[in-house]
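When the letters of the sequence shown are read in order and numbered with numbering that gives the first Met the number 0, they come out as residues 0 to 235. Don't be surprised by glycine CBs; every beta carbon is placed ideally from N, CA and C. Scroll down for the structure; my scribbles are underneath it.
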Amino acid sequence: MKNYRTRSELKTEIKNLLRGNWKKGILLYLIPLIVFWFNSGYNNSKVEWHFDPTNFDAMHFTRIASSFGIISFILSLVFLIINLSASFRGLDWIEDPELDFDPLKSNFTYFRSPDWWQLIFIYVIISIFTFLWTLLLIIPGIVKSIAYSQTYFVYKDLNDRGLTDGYSLTTYINKSQQLMVGNKWRYFVLQLSFIGWWILGFITLGIGFIWIYPYYKLTMANFYRDLVEKNTEYLN
Numbered sequence: 000m001k002n003y004r005t006r007s008e009l010k011t012e013i014k015n016l017l018r019g020n021w022k023k024g025i026l027l028y029l030i031p032l033i034v035f036w037f038n039s040g041y042n043n044s045k046v047e048w049h050f051d052p053t054n055f056d057a058m059h060f061t062r063i064a065s066s067f068g069i070i071s072f073i074l075s076l077v078f079l080i081i082n083l084s085a086s087f088r089g090l091d092w093i094e095d096p097e098l099d100f101d102p103l104k105s106n107f108t109y110f111r112s113p114d115w116w117q118l119i120f121i122y123v124i125i126s127i128f129t130f131l132w133t134l135l136l137i138i139p140g141i142v143k144s145i146a147y148s149q150t151y152f153v154y155k156d157l158n159d160r161g162l163t164d165g166y167s168l169t170t171y172i173n174k175s176q177q178l179m180v181g182n183k184w185r186y187f188v189l190q191l192s193f194i195g196w197w198i199l200g201f202i203t204l205g206i207g208f209i210w211i212y213p214y215y216k217l218t219m220a221n222f223y224r225d226l227v228e229k230n231t232e233y234l235n
């Protein structure tokens, strides 16, 4: 049995990383947090546009595209790239705590990448797959969304290592599913462990999210790092 880090260990490592570096952590996730604030407070009589702090899902995808039109759809993709850019830099930071980077500029890293469109297509593919599974029953859709949850980090890792020759976009999704075999419940419980923090964030009228959001996002990235450390064979 693989000796994965416990929830407490994953969180403690991030607390240690942020200790003395809260300004960097807050600035790194500031723009995604502003998007989260904006979308969470937006309410339309015809449709609810709610930003999921974990990622977008198929229902959000279809609501935005159909109800707000092409402009809002494009904005949702821009927000996706911003969110992923911050998440990827967060993973780099976890792997190298002494990493020197501009936290605000890191939100726009993948806008300068020639491969930004691949992230968009991966998002579309995941949204379609999740939607189709949800048509069967809600629970299979949830299970599959958890299985796909590491796809973007897998994409980043393999691209950073130059191991993507001949890979299709679905390869990253498949590798995420392989990594999550036997780990879906761990991920689900880790997500649940933040419910108290989310409640606290709303009680403080969103102010608490300034600290909670970086803590949450970095913990999720640390979960991925733990996965790949114990399953290196899937990233070859």
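Legend entry - Contact set for I30: own chain, Cβ-Cβ below 6 Å, skip 5 residues either direction: Taking the sequence shown and counting its residues from 1, one reaches residue 30 at position 31. So the list reads I81, N106, once near-sequence residues are dropped.
Legend entry - Enclosing alpha helix (DSSP H) for N15 [first to last residue]: In the sequence shown, the residue the question calls residue 15 occupies position 16. That run of the alpha helix (DSSP H) goes 6 to 17.
Inset, instruction - Could you pull out every residue in the same chain whose Cβ sits closer than 6 Å to the Cβ of W196, ignoring the five residues on either side in sequence? - result: Taking the sequence shown and counting its residues from 1, the one referred to as residue 196 is at position 197. Around W196, the same chain offers I211 as residues with beta carbons nearer than 6 Å, after the five sequence neighbours per side are excluded.
Legend entry - Through-space distance from W184 to L32, alpha-carbon basis: As a working mapping, residue 32 is identified with position 33 in the sequence shown. As a working mapping, residue 184 is identified with position 185 in the sequence shown. Between the C-alpha atoms of L32 and W184 there is a straight-line separation of about 27 Å.
Inset, instruction - Go ahead and pull the three-state DSSP assignment for T179. - result: Locating residue 179 in the sequence shown gives position 180, where the first residue counts as 1. Checking the sequence, you will find Met at residue 179 rather than Thr. Three-state DSSP puts M179 in coil, outside helix and strand.
Inset, instruction - Identify which residue in E97, Y3, K14 has its Cα closest to the Cα of L217. - result: In the sequence shown, the residue the question calls residue 217 occupies position 218. Taking each of E97, Y3, K14 in turn and checking the Cα distance to L217, the smallest one comes out for K14.
Inset, instruction - Verify whether the separation of the beta carbon atoms of I237 and F187 is less than 9 Å. - result: Since the first residue shown for the chain is 0 and the last is 235, residue 237 is missing from the structure and cannot be characterised.
Legend entry - P113, buried or exposed, once every other Cβ within 10 Å from all chains shown has been counted against 16: Here residue 113 corresponds to residue number 114 of the sequence shown, with the count starting at 1. Of the other Cβ atoms in all chains shown, fewer than 16 fall within 10 Å of the Cβ of P113; this residue is therefore exposed.
Legend entry - Reduced DSSP category for P213 - H, G, I as helix; E, B as strand; rest coil: Here residue 213 is taken as the residue at index 214 of the sequence shown, counted from 1. The answer is helix: DSSP assigns P213 an H, G or I state.
Inset, instruction - Note down, in chain order, each residue of its chain lying with its Cβ closer than 8 Å to the Cβ of T108, except the 5 sequence neighbours on either side. - result: Position 109 of the sequence shown holds residue 108. These residues qualify, in order along the chain: S84, F87, R88.
Inset, instruction - Let me know the secondary structure DSSP gives S148 once reduced to three states. - result: Counted from its first residue, the sequence shown places residue 148 at position 149. The answer is coil: DSSP assigns S148 none of H, G, I, E or B.
Legend entry - Counted within 10 angstroms of its Cβ, other Cβ atoms place F110 as buried (16 or more) or exposed: As a working note, residue 110 is residue 111 in the sequence shown. Counting Cβ neighbours within 10 Å, F110 comes out exposed, since fewer than 16 surround it.
Legend entry - Check whether Q117 and Y154 have beta carbons under 9 Å apart: Along the sequence shown, read from residue 1 onward, the residue named residue 117 stands at position 118. Along the sequence shown, read from residue 1 onward, the residue named residue 154 stands at position 155. Cβ distance < 9 Å, so Q117 and Y154 count as in contact.
Legend entry - Straight-line Cα distance separating A220 from V34: Position 35 of the sequence shown, counting from 1, holds the residue named residue 34. Position 221 of the sequence shown, counting from 1, holds the residue named residue 220. Distance between the alpha carbons of V34 and A220: 20 Å.
Legend entry - Cβ-Cβ separation, T129 to Y151 (assumed contact under 8 Å), whole Å: Within the sequence shown, residue 151 is the residue found at index 152, counting from 1. Within the sequence shown, residue 129 is the residue found at index 130, counting from 1. Between T129 and Y151 the Cβ distance is about 14 Å, and since that is not below 8 Å, they are no contact.
Legend entry - Counted within 10 angstroms of its Cβ, other Cβ atoms place K104 as buried (16 or more) or exposed: The count along the sequence shown starts at 1 and reaches residue 104 at position 105. A residue is called buried when at least 16 other Cβ atoms come within 10 angstroms of its Cβ; K104 does not meet this threshold and is exposed.
Legend entry - Length of the line joining the Cα atoms of D159 and R6: By 1-based counting over the sequence shown, the position of residue 159 is 160. By 1-based counting over the sequence shown, the position of residue 6 is 7. Straight-line Cα distance between these residues: approximately 27 Å.
Inset, instruction - Just tell me which of D91, N2, S75, K1 has its CA closest to the CA of G24. - result: Position 25 of the sequence shown, counted from the first residue, corresponds to residue 24. Looking from the CA of G24, the closest CA among D91, N2, S75, K1 belongs to D91.
Legend entry - Closest residue to W36 among T203, E8, V227 (Cα-Cα distance): Taking the sequence shown and counting its residues from 1, the one referred to as residue 36 is at position 37. Of the candidates T203, E8, V227, T203 places its Cα closest to the Cα of W36.
Legend entry - D91 (DSSP reduced to helix, strand or coil): The residue labelled residue 91 in the question sits at position 92 within the sequence shown. In the structure shown, D91 sits in a helix (DSSP, three-state: H, G or I).
Inset, instruction - Excluding the 5 residues preceding and the 5 following G200 in the sequence, name in chain order all residues of the same chain whose CB lies nearer than 7 Å to its CB. - result: As a first step, residue 200 is located in the sequence shown; it is residue number 201 there, counting from the start. Around G200: G207, F208, I211.
Inset, instruction - For the alpha helix (DSSP H) containing F128, list its first residue and its last residue. - result: For this step, residue 128 is matched to residue 129 along the sequence shown. Note, F128: alpha helix (DSSP H), 115 to 135.
Legend entry - C-beta contact flag for E94 and R224 at 9 Å: Along the sequence shown, one-based indexing puts residue 94 at 95. Along the sequence shown, one-based indexing puts residue 224 at 225. The answer is yes: Cβ separation under 9 Å.
Inset, instruction - Would you mind stating whether I121 and L168 have Cβ atoms separated by less than 9 Å? - result: In the sequence shown, residue 121 corresponds to position 122, counting from 1. In the sequence shown, residue 168 corresponds to position 169, counting from 1. Cβ atoms of I121 and L168: closer than 9 Å.
Inset, instruction - On a CA-only basis, which of P213, L135, Y28 is nearest F78? Give me that one, please. - result: Position 79 of the sequence shown, counting from 1, holds the residue named residue 78. Answer by Cα proximity: Y28.
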